[in-house]
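For what it's worth, my numbering labels the leading residue of the sequence shown as 34, then goes sequentially.
Think of the CB as a built atom: it goes at the ideal place given N, C-alpha and C, for glycine as much as any other residue.
To keep things clear, I will list the structure first and then write my remarks on it.
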Amino acid sequence: MNSGDPATQVRSDTFKTVLLYDDAVWARTAKAGVEEIATRCGATDPLVVPWRLDLLKQTRFADAALAQSLDADVVLLALAHTRFLPASLSRWLDVWATCRTVPDAALGVMTPPEVSDAEIKKELGPWVHRHKLTWLGDWEAARAEDPELDTAATVADLRQRERSLSPVLREIMAGPAPYRFFGLNE
């Protein structure tokens, strides 16, 4: 594993992936998939470096993750619960894209089939183009058997959000409440 120290070199036949995840179970699935694909592509030593997404909020962990990712071939976001790009991840990705040492690096998003990643892809698509990266955003969709799966996941996500209204938001949406003790006949 590369510690980020320039003296520590990673062999050229290594396929290095930095895996940023928000769920440990989904991270294991993503790691197994990356290792399988790397082996099929002829990489003799696939290396997957996992980092929990919430750790990027802390500067020392973000710096350590950045040091390990500068020579990564792929940064893969394995997102089982994250629907929108967190600010800490956005900042980290900006720094990584600017400082990376692999010119043809790629960014990918991998979500469970039942989870909508439409918003993440919408945010990252232009970002990937701006930083001249290879985009692996449709990786899972290409592997899915049902082409309507992403649409179904988006609809399910919207229904889940509709049901998860907070009590305050429900009260606001119910309409204005009459003010008590301000009427003439109360």
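Cβ-based neighbour list, ALA60, same chain, cut-off 7 Å, excluding 5 preceding and 5 following
The sequence position of residue 60 within the sequence shown is 27, counting from 1. Only LEU52, TYR54, PRO83, ALA111 meet the Cβ criterion.
To the nearest angstrom, how far is the alpha carbon of SER102 from that of CYS132?
By one-based count along the sequence shown, residue 102 stands at place 69. By one-based count along the sequence shown, residue 132 stands at place 99. For SER102 and CYS132, the distance between alpha carbons rounds to 10 Å.
LEU109 and ALA63: beta carbons closer than 8 Å?
Sequence index remark: in the sequence shown, residue 109 carries index 76 (1-based). Sequence index remark: in the sequence shown, residue 63 carries index 30 (1-based). Closer than 8 Å, so yes.
Looking at LYS49: is its Cβ nearer than 8 Å to the Cβ of LEU89?
Counting from one through the sequence shown, the residue named residue 49 turns up at place 16. Counting from one through the sequence shown, the residue named residue 89 turns up at place 56. For LYS49 and LEU89, no; Cβs fall outside 8 Å.
Which of helix, strand or coil DSSP assigns to VAL67
For the purposes of this step, residue 67 is taken as residue 34 along the sequence shown, with counting starting at 1. Three-state result, VAL67: helix.
Distance, THR144 Cα to GLY158 Cα:
Position 125 of the sequence shown holds residue 158. Position 111 of the sequence shown holds residue 144. One Cα belongs to GLY158, the other to THR144, and the distance between them is close to 16 Å.
Distance, GLY75 Cα to PRO119 Cα:
Start at 1 with the first residue of the sequence shown, and residue 119 comes out as number 86. Start at 1 with the first residue of the sequence shown, and residue 75 comes out as number 42. In a straight line, the C-alpha of PRO119 is about 34 Å away from that of GLY75.
Applying the 10 Å Cβ sphere with the 16-neighbour rule, what's the burial state of ALA105?
In the sequence shown, the residue the question calls residue 105 occupies position 72. When all chains shown are included, ALA105 counts as buried.
Simplified DSSP state of PHE48, which is helix, strand or coil
As a working note, residue 48 is residue 15 in the sequence shown. Three-state DSSP puts PHE48 in a strand.
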